[in-house]
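Using my numbering, read the sequence shown as starting at 3 and increasing by one per residue.
Ideal Cβ placement from N, Cα and C applies to all residues, glycine included.
Everything below concerns the one structure shown next.
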Amino acid sequence: MSVDMTKRLIDADAILNQAKPLTHQHAHEIQPFGHLVKLPIALAENVCRESVENLNQLLADTMTLRDLYKKHHWQLAGPTFYQLHLLFDRHYEQQNESVDAIAERIQLLGGVSIAMAHDVAEATLIPRPPRGREEVPVQISRLLRAHEIVLREARTMARRAVEGGDDGTNDLIVSDVIRHNELQVWFVQEQAAC
């Protein structure tokens, strides 16, 4: 065996050091929140900027609504526990899909999507619920009010996207946000009628 071959075989420490995860890394942000990167998607920068701002608001409220479903899913009590437990979990999953679609659209427009819970809490228009457990009628009422907030803003944002020629954002808002939220309102409202 040559000396070079032996050295490569024996230098396991160097190989192991390369495999170690790099921890405690620090660097400057590569794109600050609120700043756009111009992508070649044939939309004016001002249109992208407005859509990103609107979508980040919608994202914060959708994340809040999603988490409200999970809170109520966990904290349910009473004779309708099982059916609402399943329904709320299903709605949580659907809202989670909307969260992902909205965040990806923001990135596609050259923006940075809101992501952390404390940022969401600062931005959301949905009132914060108490930490404790509430009765089912209150939970349902709280969910319906949150849906109403999301739907009101989504309709306005969809119109603004059309005015700016941002058909992709309009389609996302109408197809993934408005239609899904309307359907969820119907399901939750029917539970309130029981």
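If distances are taken between C-alpha atoms only, which option among ARG147, PRO129 and TRP76 comes closest to VAL190? Minimum Cα distance to VAL190 is reached at ARG147.
Looking at the unbroken alpha helix (DSSP H) that takes in HIS75, where does it start and where does it end? Its alpha helix (DSSP H) spans residues 47-77.
Figure out for me which residue from GLY134, ILE17 and THR126 has the closest Cα to the Cα of GLU155. Taking only the C-alpha atoms, the option nearest GLU155 is THR126.
Keeping to the same chain, check which residues put their C-beta closer than 6 Å to that of HIS74; ignore five residues upstream and five downstream. Correct list, in chain order: PHE90 and GLN141.
First through last residue of the alpha helix (DSSP H) which encompasses PRO131: PRO131 -> no alpha helix (DSSP H), and no H or E assigned at all.
Do you know how far the Cα of ALA44 is from the Cα of THR82? Their Cα atoms are separated by approximately 51 Å.
CB contact check: SER143 to chain D, cutoff 8 Å: Protein chain content of the structure displayed is limited to a single chain, and chain D is not contained in it.
Would you mind reading off the limits of the alpha helix (DSSP H) that contains ILE151? 138-166 is the extent of the alpha helix (DSSP H) around ILE151.
Is there contact between the segment 155-167 and the segment 94-105, where contact requires at least three CB pairs shorter than 8 Å? No: fewer than three Cβ pairs fall under 8 Å.
Top-ranked residue by Cα proximity to VAL49, from VAL138, LEU110, ARG181 and GLN193: For the residues VAL138, LEU110, ARG181 and GLN193, the minimum Cα distance to VAL49 belongs to LEU110.
Just to confirm before moving on: does the CB-CB distance between HIS149 and LEU57 stay below 8 Å? For the pair HIS149 and LEU57, the CB atoms are not nearer than the 8 Å cut-off.
Would you call ASN19 buried or exposed, if buried means 16 or more other Cβ atoms sit within 10 Å of its Cβ? Answer is exposed; the Cβ neighbour count stays below 16.
Could you compute how far the alpha carbon of ASN183 sits from the alpha carbon of LEU38? A direct Cα-Cα distance of roughly 29 Å separates ASN183 from LEU38.
What's the gap between the Cα of GLU106 and the Cα of GLN85? Their backbone Cα atoms lie some 32 Å apart in a straight line.
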